[in-house]
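Beneath this line is the structure, given in C-alpha cells, with notes to follow.
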Amino acid sequence: MSESLRVRHSAKQPVKSVTVDYSDGSTKVPGPNVGKDNRDENGTMNNFYWTNYRDPHAIRRKLIIKAHPEVLKLCGPEPLTKYVASAVVLTQILVAYLFRNTYPLDPLFLLVAYSLGGTCNQNVFMCIHELSHSLAFKKPLWNKLFAIFVNLPIGIPYSASFQPYHQLHHKFFGDEKYDTDLPTNFEARFLSSIPGKLFFTTFQIFFYALRPICVATIPIRWIHFINIVVQFTFDYFILRYWGINSFFYFLFSSFFAGSLHPTAGHFVGEHYLFDPPKHFKMFVDAPPAETYSYYGPLNPLVWNVGYHNEHHDFPYIPWTRLPELRREATEFYEGLPTHESWILTIIDFIFKYDITMYNRVKRRTAGRRLFKQVDYDDNSK
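The numbers in the sequence shown follow UniProt numbering, run straight up by one, and end at 381.
Have a look at this one:
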C-alpha cells in the first residue's frame with residue numbers, strides 16, 4: 001500500500017458495511033455545556049467533543065462476537081513475539097557498542113540514531129505495548145518481566161508504569177480523568193496553534209511519559225522497583241565499560257522514536273479527529289468515529305499497531321492475528337476512518353487549522369469507585 005494518501009473514510013467495498021448504533025447505553029448528562037457548540041463564534045475549537053455515548057469498541061466487540069464467534073480463537077499469546085523483540089533489543093545493544101567511540105553530535109551518529117535507533121526503539125515501545133496486554137506469554141508476570149528486558153534500550157525505566165496506565169486507557173476509554181492518553185485542558189489551550197502542535201509532536205515522548213503521573217495515580221508495586229533496579233544497573237554497566245556515547249545512543253533513539261519520526265505518526269493518528277464535524281453540540285450529537293486505523297507498510301515495524309480499531313475491539317488478540325480479525329469481520333471495519341500515511345498524518349496534525357489538541361472525544365469520568373476496582377491484568381477490554 002502506498003505511503004502517500006491521507007485520510008480515507010471508506011475502503012474499497014467488497015462487503016457491505018454494518019451500521020452500528022453506538023448510542024446503546026448512553027445517558028443524559030446535566031451541565032452548563034449540554035447542547036453548546038464546541039467552537040466559538042469565529043469557528044475556532046475551544047472545547048473537546050464531549051459525549052454521553054458509550055465506548056464504541058465495547059459495543060462493536062459484542063456485535064462481532066455474536067456475528068463471528070470464531071474470532072475468539074484468535075485470542076491468546078503469540079510465541080514469535082519474544083524472539084523478534086529479543087533480536088531488536090540485541091541489535092540496539094550492538095549498535096550502541098559500535099558507536100562507543102563516536103561523538104553523539106557526529107552526523108553519522110545522529111543519522112543512525114534517527115533512522116535505525118528511532119525505528120528500533122519505536123518497535124521496543126510497541127512491544128512493551130503488546131506485553132502490557134500479556135500477548136507474549138500466558139501468565140501476566142512473565143510478560144511484565146520480559147518487558148523489563150525489552151525496556152533496556154530505552155535507557156530509562158518505563159515498562160512497569162506503562163502497563164497499568166495503558167490498561168486505564170482501554171478500560172476508561174475517553175474518560176476525562178482516567179484515560180491518560182487524552183490531552184489535558186492546559187495542553188489543548190496552549191498547544192493548539194501550529195507552533196504549539198509542532199512543539200507537541202517534537203517532544204511528545206515527554207508528554208506521554210509525564211502526563212499520566214500528573215492526572216492519575218496508580219499503585220506502586222514490586223515490579224516497578226525491579227524495573228528501576230534492572231534498568232539503572234544496565235545503564236551503569238554501559239557507562240562504566242562502553243562510555244557515555246553508547247548511553248546517549250539509547251537516549252537519542254528513544255527521543256527520535258517519540259518525535260518527528262515516520263513510525264511516531266500513530267501517536268497522533270490513533271484517536272485525534274482528522275475530519276471533525278464543523279458544528280458539534282456537546283452531549284447531544286453523536287460523536288464522530290474516535291479511533292483511526294492504518295494498514296500501510298510501516299505496520300510490521302511496530303507490531304501492527306496500525307490495526308487500532310481492531311486492537312481496541314479485541315485487546316487480547318496479538319499483532320500477528322489482527323489482520324485475520326479484520327478479514328473475518330470485514331463488514332464491521334469497512335467505512336471506519338483510516339490513515340494511509342503516518343508521515344502525512346504528522347504533517348496534517350501540525351499544519352491543518354481544524355485539527356487541534358481539542359480534537360478528541362471525551363466522556364464524564366466513571367468515578368473513583370470503578371477506578372479503585374480495576375484489575376490491571378484483565379485484558380477483556
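Glycine residues also receive a C-beta, built at the ideal position from the N, C-alpha and C atoms.
{"Check": "Outcome for E270 when other beta-carbon atoms lying within 10 angstroms are tallied against a minimum of 16", "Outcome": "buried"}
{"Check": "Start and end residues, alpha helix (DSSP H) containing E130", "Outcome": "G118 to S132"}
{"Check": "Residue environment, H279, which counts as buried when at least 16 other CB atoms sit within 10 Å", "Outcome": "exposed"}
{"Check": "Exposed unless 16 or more other CB atoms sit within 10 angstroms - verdict on E70", "Outcome": "exposed"}
{"Check": "P337 to R326 span [Cα, whole Å]", "Outcome": "14 angstroms"}
{"Check": "Beta-carbon proximity of G117 to S259, cut-off 8 angstroms", "Outcome": "no"}
{"Check": "Given P297 as reference, the closest of Y272, P262, A289 and R61 once Cα atoms are compared", "Outcome": "P262"}
{"Check": "D179, buried or exposed, once every other Cβ within 10 Å from all chains shown has been counted against 16", "Outcome": "buried"}
{"Check": "Nonlocal neighbours in the same chain, by C-beta distance under 7 angstroms from P287, ignoring five residues either side", "Outcome": "Y49, T51, Y53 and V361"}
{"Check": "Nearest-angstrom Cβ-Cβ length linking E78 and W319, presumed shorter than 8 angstroms", "Outcome": "7 angstroms"}
{"Check": "Helix, strand or coil at H339 according to DSSP, with G and I counted as helix", "Outcome": "strand"}
{"Check": "Secondary structure of V361, DSSP reduced to three states", "Outcome": "strand"}
{"Check": "Contact between the region 121-136 and the region 303-318 (3+ Cβ pairs under 8 angstroms)", "Outcome": "yes"}
{"Check": "Straight-line gap, M1 to E340 (C-alpha atoms, nearest Å)", "Outcome": "Here M1 scores only 35 on pLDDT, less than 50, and its place in the model should not be relied on; the value that follows carries that caveat. Between M1 and E340, the C-alpha separation is close to 8 angstroms."}
{"Check": "Where the alpha helix (DSSP H) containing I65 begins and where it ends", "Outcome": "P56 to A67"}
{"Check": "Beta carbon of H57 nearer than 8 angstroms to that of H224", "Outcome": "no"}
{"Check": "DSSP-derived helix/strand/coil call for Y49", "Outcome": "strand"}
{"Check": "Beta-carbon proximity check, P300 vs N359, cutoff 8 angstroms", "Outcome": "no"}
{"Check": "Distance CB(N245)-CB(T102) smaller than 8 angstroms", "Outcome": "yes"}
{"Check": "Rounded straight-line distance, which links the Cα of A264 to that of E3", "Outcome": "Low per-residue confidence applies at E3: pLDDT is 38, beneath 50, and the placement is therefore not dependable, though the value from the model is reported in the following sentence. Answer to the nearest angstrom: the Cα atoms are 14 angstroms apart."}
{"Check": "Check whether Y376 and P157 have beta carbons under 8 angstroms apart", "Outcome": "no"}
{"Check": "Residue from I205, I218, K144 and K197 whose Cα sits closest to the Cα of H169", "Outcome": "I218"}
{"Check": "Nearest to L273 (by Cα), restricted to the options S293, F283 and F99", "Outcome": "S293"}
{"Check": "Simplified DSSP assignment, three categories, for K138", "Outcome": "coil"}
{"Check": "Option in F162, P107, I213 and Y307 with minimal Cα separation from V124", "Outcome": "F162"}
{"Check": "Where K281 sits in the DSSP three-state scheme", "Outcome": "strand"}
{"Check": "Where Y178 falls: helix, strand or coil (DSSP)", "Outcome": "coil"}
{"Check": "Contact the region 142-157 vs the region 81-95: 3+ CB pairs below 8 angstroms", "Outcome": "yes"}
{"Check": "Short Cβ contact (8 angstroms threshold) for A366 with D175", "Outcome": "yes"}
{"Check": "Run of the alpha helix (DSSP H) containing Y165, from where it starts to where it stops", "Outcome": "S159 to K171"}
{"Check": "The alpha helix (DSSP H) enclosing F109, as first and last residue numbers", "Outcome": "P107 to V112"}
{"Check": "Element boundaries [alpha helix (DSSP H), containing F371]", "Outcome": "R368 to K372"}
{"Check": "Ordered list of alpha helix (DSSP H) runs contained in the region 211-242, each at least 4 residues", "Outcome": "222-241"}
{"Check": "Reduced DSSP category for L191 - H, G, I as helix; E, B as strand; rest coil", "Outcome": "coil"}
{"Check": "Three-state class that DSSP yields for S254 in the structure shown", "Outcome": "helix"}
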